[in-house]
Amino acid sequence: MRVARLYSYKNIKIEELPRPEPSKKEAIVRVRASGICSGDVMPWYIEKKAPLVLGHEPAGEIVEVGEGVEGFQIGDRVFIHHHAPCMSCRFCKRGDYVQCPDWRKMGIYPGGISEYIRVSASVLMYDTLKLPDTVGFDDAVLVEPLACVVKSFKRSGIKKGDTVLVLGLGVMGVLHVMVARHYGADIVIGADMVPFRLNKAKELGADETINVADADLREAVETLTQGKGPEIVIAGPNSVKAMEQALDMVSAGGTVVLFTPARPGERLVIDPNSLYFRDIKVVTSYSCGPDDTTEALYLIEKGLVRADRLVTHRYPLEKTDEAYRVVARATDSLKVIIEMN
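Heads up: the sequence shown begins at 15 in my numbering, then just goes up one per residue.
Shown next, in the form of structure tokens:
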């Protein structure tokens with residue numbers, strides 16, 4: 015089978031590997047579509063994992079099952095998460111699935127951008143979802159990224175009537191825009207410097223957008239919120255500057271969600287008295303768990319998020335390198351997926 019393997023940020027090759035075989039309680043899935051994550055194009059983040067087969071947003075159909083598999087059969091169309099918790103440790107009992115030691119293990123082999131993947135027993139049991147007939151493979155590729163957004167809003171403590179400011183309007187920022195009202199937002203504001211993404215955010219649900227290349231972000235936010243500031247600020251870009259801006263603009267009593275890690279070596283300096291007397295909450299939101307993927311699939315089935323509104327580029331596996339460059343340029347793209355026949 016063919017796979018797309020990354021050796022470095024500028025070196026992705028299409029290679030051949032033996033098709034994997036399932037062990038007990040595992041399954042083999044023929045991948046039909048797989049997304050390229052925006053995190054995959056952060057050089058410092060992806061290169062520490064290299065060499066690796068790219069892709070952790072796969073969807074496909076089960077073509078083989080190992081001994082003891084229950085609940086799935088050959089022919090099932092599925093979304094597969096690349097991690098799954100044990101559901102029994104102290105972290106899992108608290109719902110902190112991403113801190114579970116089992117969750118940290120990769121649950122698919124060799125990676126999502128390959129013609130076939132082996133799904134581990136834990137992933138098959140705890141975070142593989144059958145697709146409704148109305149959900150296509152390209153829609154299912156959106157389950158994992160949308161699940162991260164679901165978790166983000168859960169952790170934000172959003173309340174009905176809140177104003178939400180989304181900093182950064184790549185695919186993850188736009189996903190926040192698309193479902194913000196479902197979680198209670200009254201006004202949704204997006205900020206970015208790329209005209210294509212600003213326009214897409216407005217098209218997909220933002221009430222207002224701010225081009226930070228042309229306007230002072232703080233002044234624009236104050237104007238749009240009548241000086242109150244947004245109750246929820248999603249800090250999307252992987253930079254301390256974006257986090258500092260979020261803390262500076264959030265409303266008293268509001269919440270800042272640090273949705274993406276900062277670059278290595280950066281430090282966020284916080285005035286504790288500013289947080290204390292303004293009663294600001296700062297929360298992180300790292301990845302997602304089985305409850306989030308289940309909810310994300312529900313939102314997709316409901317029609318709040320669909321591939322035909324969000325996917326801007328589709329490539330065959332042999333053009334993975336080209337697809338990767340489109341994501342990395344971050345100009346005229348939102349979601350880029352690899353499709354396999």
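We put the CB at the ideal spot given by N, CA and C, even for glycine.
Buried or exposed by the 16-neighbour rule on C-beta atoms within 10 Å, applied to residue i
i: K24; result: exposed
i: Q259; result: buried
i: K63; result: exposed
i: S52; result: buried
i: S102; result: exposed
i: R211; result: buried
i: I284; result: exposed
i: P159; result: buried
i: G243; result: buried
i: R232; result: exposed
i: D116; result: buried
i: E217; result: exposed
i: F273; result: buried
i: A234; result: buried
i: T237; result: exposed
i: P32; result: exposed
i: N252; result: buried
i: T345; result: exposed
i: R343; result: exposed
i: R104; result: exposed
Beta-carbon gap between residue i and residue j smaller than 7 Å
i: D206; j: L183; result: yes
i: I127; j: G69; result: yes
i: V77; j: V341; result: no
i: G250; j: L181; result: yes
i: A337; j: Y329; result: yes
i: L138; j: A41; result: yes
i: V164; j: A256; result: no
i: S299; j: S166; result: yes
i: P34; j: Y123; result: yes
i: L318; j: H196; result: yes
i: V149; j: I351; result: no
i: V157; j: T307; result: yes
i: E332; j: I28; result: yes
i: R118; j: V67; result: no
i: E280; j: V297; result: no
i: I26; j: D335; result: yes
Close Cβ partners of residue i (< 8 Å) along its chain, the five nearest in sequence each way excluded
i: E30; result: M15, R16 and V17
i: G219; result: V191, M192, A194, R195 and V202
i: S301; result: H97, V112, C162 and K165
i: K295; result: G171, G268, T269 and V270
i: P286; result: none
i: K174; result: G198 and D200
Neighbourhood of residue i by C-beta, 6 Å cutoff - its chain only, sequence neighbours within 5 removed
i: A154; result: A73, F93 and L145
i: T326; result: S347 and L348
i: E245; result: D176, T177, S265 and G268
i: T223; result: G204, L212, A215 and K216
i: L179; result: I203, P244 and V247
i: D293; result: G267
i: G187; result: V180 and G250
Limits of the unbroken alpha helix (DSSP H) element including residue i
i: E309; result: P304 to K316
i: H190; result: V185 to V193
i: D200; result: Taken as a continuous stretch (DSSP letters only), D200 belongs to no alpha helix (DSSP H), as it is neither H nor E.
Candidates the options, of which the one nearest residue i by Cα
i: A98; options: L20, A135 and E81; result: A135
i: D152; options: G80, T345 and L324; result: L324
i: D147; options: H190, E75 and K39; result: E75
i: Y59; options: D293, L289 and R277; result: R277
i: I11; options: V43, N252, R292 and Y290; result: In the structure as shown, the chain starts at 15 and stops at 355, and residue 11 therefore has no counterpart that could be examined.
i: G80; options: K39, V188 and E353; result: K39
i: Y140; options: G187, G125, R169 and V83; result: V83
i: V45; options: I26, E71 and T237; result: E71
i: G303; options: R91, T345 and G109; result: G109
i: G49; options: P209, H95, K316 and V208; result: H95
i: E353; options: N225, R104 and E129; result: E129
i: G241; options: R104, D262 and D221; result: D262
i: K168; options: K316, D305 and D90; result: D305
i: V239; options: D221, F291 and K316; result: One detail in the question is off: residue 239 reads as Thr in this sequence, not Val. Ranking D221, F291 and K316 by Cα distance to T239 puts D221 first.
Run of the beta strand (DSSP E) containing residue i, from where it starts to where it stops
i: L261; result: It is not in any beta strand (DSSP E) - L261 instead sits in the alpha helix (DSSP H) that spans V254 to M263.
i: E29; result: N25 to E30
i: R19; result: R16 to S22
i: L143; result: T142 to K144
i: F93; result: R91 to I94
i: S48; result: A41 to G49
i: E71; result: Per DSSP, E71 belongs to no beta strand (DSSP E) and is neither H nor E.
i: R328; result: V325 to P330
i: A249; result: I246 to A249
i: Y130; result: Y130 to V133
i: V149; result: V149 -> no beta strand (DSSP E), and no H or E assigned at all.
i: E353; result: K349 to E353
Cβ-based neighbour list, residue i, same chain, cut-off 7 Å, excluding 5 preceding and 5 following
i: S22; result: E61 and A64
i: C106; result: P99, C100 and C114
Cβ-heavy atom distance, residue i to the ligand COA, below 6 Å
i: N213; result: For the structure depicted, the ligand COA is absent and the ligand set is empty, with no information on it obtainable.
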